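Residue numbers (the UniProt record's numbering): 1 to 63.
Everything below concerns the one structure shown next.
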Amino acid sequence: MAIFRQYIAPLLVVLVFVFALVAVSARIFLPSDMAAPAPIEEVGISSQPTPVNLPPTAQNSAS
């Protein structure tokens, strides 16, 4: 167990850190249009439902 705590666990931590550093630093070498964050939705297309494509609502019989 001491070998894991002294050698393997710190090595795994360092490897994860190096991998994260390389992944973040790779943005420098990407073309400028690919380095931007991904868009959440397409430009010009509304995801909000319009009254035309809404399903019919049930009439409230309580009133």
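Yeah, the Cβ is synthetic: ideal placement off N, Cα and C, and Gly gets one too.
Source: prediction; values computed, not measured.
Residue i to residue j span [Cα, whole Å]
i, j, result
"residue 12", "residue 26", "21 Å"
"residue 15", "residue 9", "10 Å"
"residue 41", "residue 5", "46 Å"
"residue 23", "residue 37", "14 Å"
"residue 20", "residue 34", "18 Å"
"residue 2", "residue 39", "47 Å"
"residue 30", "residue 7", "35 Å"
Unbroken alpha helix (DSSP H) run spanning residue i, endpoints
i, result
"residue 10", "9 to 25"
Neighbour flag for residue i against chain B, beta carbons, 7 Å
i, result
"residue 1", "Looking for chain B here will not work: only one protein chain is present."
Check: residue i C-beta below 6 Å from any heavy atom of the ligand GDP
i, result
"residue 15", "Although the ligand GDP was asked about, the structure shown includes no ligands whatsoever."
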